[in-house]
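Numbering (this note's numbering), first residue to last: 3 to 437. C-beta atoms are modelled at their ideal positions from N, C-alpha and C, and glycine is treated no differently. On a predicted model such as this, the values are computed, not experimentally measured, just so you know. See below for the structure under consideration.
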């Protein structure tokens, strides 16, 4: 059994109460992911040695794509990677606007120590590591000499980046000068500009000698620069997840073409070695990979993504460019329920009572009842099942000694608690609103 701290357990359980996927410690209740682990670990090791990697994850709604993506990010962060998850959407984060994708990436940039918005800490750590390297080479220096020597080393490290994105180095130098002069407003503004944020004042940009905002092409150069900073700071690399790329099927035709081409170009740049240390994972439905409104609209992209899957999923190749997740079935649903119960029990004052009251039979009955309310569609059930299990069963068993879920609890599922995707999967007459 995998153990987690009380703080991590509380984070997991709070997310499940809200009906969302936890962001950390997913190994504590992951089910069915072991066949992928060794290959992913090997590919992360290749990234740590300077390669770029790309992987596409396919699965119908309810197979756990977002869960897999967050589990993989946790796996990577345990191995010294930074990670970021970007939700592709029609309006807020369109894939063909790489400057927007880059902005979301920096907003969600995380490390094992920093759960979100880690860019400034990473940049500060990088400057510290450069200073340490200068001191190890030249010994103790005065402040002015140290700044000058560190600046020279920074220029050396960023030489290849500044050929394509000169503003990247200029922004970093301006930031360091602002920090040294204790000009926090300028320092914060420059980090915001480097993160791709719009509406940074002209006066802050003038302080670093930069203009305008990061554009589509500049975003790729800044991503290269971020990889250099991560490597020099001791990180193994960067995992980026582009989640829900199937939304491209719903956008206007010309936007779809631009987005598919941007993805194809990104893949080619990774293969060409432009992004050493980057592992890019995209997630999508089979309709995106195989349907006429998805990748098939751009034959070069479809060719790069194509994998011939056999009928027997046991022989799927996890090393292939595209891997598929299998739908949840009842045994998996019960197993994940058991794992969540054990996480809950481990932070309870009476763990044995939790396990005794919420036993295997109750878990199986609860899973079957939730699935029955959802028209027998097990793939739609995991989120609702876990939310009901934690918020309506385990919490009550823990707080009320007299509560008996077999006697005092009856499941009711209303349409209001279903997501839009869940409603799309379910036909209206599949939803029984009350027990």
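query	result
Can you tell me which of the three DSSP states residue 381 falls into?	helix
When you compare the CB positions of residue 106 and residue 112, do they come within less than 7 Å of one another, or not?	no
Which of the three DSSP states, helix, strand or coil, is assigned to residue 120?	coil
Residues in its own chain within less than 6 Å of residue 227 by CB, not counting five upstream and five downstream?	163, 170
Please go through the same chain and pick out, in chain order, the residues whose beta-carbon is closer than 7 Å to the beta-carbon of residue 400, but skip the five residues on each side of it.	350, 356
Hey, which unbroken runs of the beta strand (DSSP E) at 3 residues or more fall wholly within the stretch 56 to 143?	83 to 89
Check whether the Cβ atoms of residue 248 and residue 277 lie closer than 7 Å to each other.	no
Three or more C-beta pairs under 8 Å: does that hold for the stretch 203 to 210 against the stretch 235 to 252?	no
With DSSP as the reference, identify every bridge partner of residue 324, one or two as the case may be.	58
For the beta strand (DSSP E) containing residue 281, list its first residue and its last residue.	280 to 286
Which value, in whole angstroms, describes the spacing of the CA atoms of residue 298 and residue 67?	21 Å
Within the chosen definition, does the stretch 315 to 335 reach the stretch 369 to 385 through at least 3 CB pairs nearer than 8 Å?	yes
Using the C-alpha atoms, what's the distance from residue 255 back to residue 303?	16 Å
In terms of residue numbering, what span does the alpha helix (DSSP H) encompassing residue 245 cover?	Per DSSP, residue 245 belongs to no alpha helix (DSSP H); it is in the beta strand (DSSP E), 239 to 245.
Does the Cβ of residue 424 have 16 or more other Cβ atoms within 10 Å, making it buried, or fewer, making it exposed?	buried
Look at the Cβ atom of residue 167, then the Cβ atom of residue 223, and state whether they are nearer than 7 Å.	yes
Within the chosen definition, does the stretch 89 to 106 reach the stretch 312 to 330 through at least 3 CB pairs nearer than 8 Å?	no
Take residue 257 as the anchor and find which of 300, 363, 128, 185 has the nearest alpha-carbon.	300
Locate the alpha helix (DSSP H) running through residue 43, then write down its first and last residues.	36 to 50
Can we count residue 8 as close to the ligand MN, meaning its CB is less than 6 Å from some heavy atom?	The ligand MN is absent from the structure shown, which contains no ligands of any kind.
Since I believe residue 125 is in contact with residue 177 (beta carbons under 8 Å), could you give me their beta-carbon distance rounded to a whole number of angstroms?	7 Å
In the structure shown, what three-state DSSP assignment does residue 160 receive?	coil
So with Cβ pairs under 7 Å, would you call residue 338 a contact of chain B?	Included in the structure is just one protein chain, with no chain B present.
Check whether the stretch 77 to 85 and the stretch 34 to 47 touch, using three or more Cβ-Cβ pairs below 8 Å as the test.	yes
What distance in whole Å lies between the Cβ atoms of residue 123 and residue 152, which are believed to be in contact at a cut-off of 8 Å?	18 Å between Cβ atoms; not a contact.
Alpha carbons only, please: which of 160, 103, 23, 121 is nearest the one belonging to residue 73?	23
Output needed for residue 381: all residues of its chain with C-beta closer than 6 Å, excluding positions within five of it in sequence on either side, in chain order.	64, 329, 330
So, helix, strand or coil for residue 300, using DSSP?	coil
On the DSSP letters alone, give me the boundaries of the alpha helix (DSSP H) that residue 407 sits inside.	407 to 410
Pick out whichever of 408, 102, 78, 183 has its Cα sitting closest to the Cα of residue 145.	183
Quick one: is residue 281 buried, meaning 16 or more other Cβ sit within 10 Å of its Cβ, or exposed?	buried
Do residue 345 and residue 30 come within 7 Å of each other at the CB atom, strictly closer than that value?	yes
Please work out which residues of its chain come closer than 7 Å, Cβ to Cβ, to residue 52, disregarding the five sequence neighbours upstream and downstream, and give them in chain order.	278, 279
Measure the beta-carbon distance from residue 156 to residue 173 and round it to whole angstroms, keeping in mind my assumption that it falls under 8 Å.	The pair is not a contact, with the Cβ atoms about 12 Å apart (cut-off 8 Å).
Assuming residue 365 and residue 336 form a contact by the criterion Cβ under 8 Å, report the distance between their Cβ atoms to the nearest whole angstrom.	5 Å
Measuring straight from C-alpha to C-alpha, what distance separates residue 394 and residue 26?	23 Å
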